[in-house]
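Read through the structure below, which is laid out as structure tokens, and then see the notes.
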């Protein structure tokens with residue numbers, strides 16, 4: 096029963112909500128992710144500025160990239176291709192492209208309806224704009240609980256498993272040892288609050304992202320002769336035109352969207368919580384920055 100509900104929600108419902116709403120936001124915003132694509136770079140440059148005592152837009156970007164670039168981009172893509180064929184990669188790209196507009200909308204709303212806490216720090220996210228924008232406090236509370244459960248247990252568990260399993264396979268390091276080290280390191284980051292987490296992200300995320308992109312480019316250059324054929328196979332498989340993967344078109348769409356959402360988190364409700372803490376001159380500026388972060392995740396993925 097539980098498996099049937101999961102298949103329904105993560106299949107038809109997920110595709111309609113993520114791709115459907117992403118397409119709707121794209122049309123209503125007049126293709127904001129394409130119209131303002133080059134403007135994203137100038138906004139990204141301006142995001143380096145910060146006000147005293149507040150997190151900069153760049154720090155919020157690093158915090159969101161810390162979640163977007165991870166196991167979902169590596170293990171997630173592998174699972175998608177294994178279960179959905181090469182065409183799943185195409186639908187991951189589609190999910191990311193329409194997800195840029197979803198991220199733009201949700202993060203702009205997070206800035207618009209953010210509030211200051213007792214310590215003078217901004218707080219916001221889906222729970223805030225549902226409560227203050229829609230006037231549905233109970234729904235905002237439900238959303239907050241769902242986000243806590245999803246990211247407090249499920250997503251962290253998946254990321255931790257990927258780390259421990261990789262170290263076990265590569266270096267035969269006991270999973271308990273890795274788990275204890277992760278708990279200690281994360282604990283040291285958490286006790287410092289949002290500012291310490293942002294400072295650590297400022298240091299580690301650019302390095303992680305650059306290494307990830309560099310390795311991706313290296314692999315592409317190394318196999319440059321196979322790239323045209325690979326792209327052709329991906330596109331043909333996505334629409335069931337490849338005779339080898341023709342029967343996997345349904346799986347390609349489902350797995351592509353599922354793993355795409357897991358990889359870029361656009362429309363998932365996580366990035367707005369981070370976007371809200373930044374100090375910006377206009378809410379849309381942070382929406383543009385966070386849409387750019389989805390593009391950065393899409394680039395090597």
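In our numbering, the protein residues as written are 96 to 396. Backbone N, C-alpha and C define an ideal beta-carbon position, used for all residues, glycine too.
- Here residue 353 carries a helix assignment [DSSP, helix/strand/coil].
- Closest in C-alpha terms to residue 240, from the list 273, 157, 365, 286, comes 365.
- Comparing alpha carbon positions, the residue from 355, 234, 231, 376 closest to residue 113 is 355.
- Relative to residue 295, the option among 362, 280, 333, 195 whose CA is nearest is 280.
- DSSP links residue 211 through a beta bridge to 217.
- Rounded to the nearest whole angstrom, the CA to CA distance from residue 194 to residue 108 is 16 Å.
- The DSSP-derived three-state label of residue 150 is strand.
- Excluding sequence positions up to five before and after residue 210, its CB lies within less than 8 Å of the CB of 217, 218, 219, 223, 227, all in the same chain and listed in chain order.
- Residue range 288 to 317 is occupied by the alpha helix (DSSP H) that includes residue 288.
- A contact between stretches requires three or more CB pairs, one per stretch, nearer than 8 Å, and the stretch 305 to 322 fails this requirement with the stretch 152 to 163.
- Here the stretch 186 to 206 makes contact with the stretch 377 to 386; the two share three or more CB pairs at distances below 8 Å.
- Look at residue 361 here: in three-state DSSP terms it is coil, with no helix or strand label.
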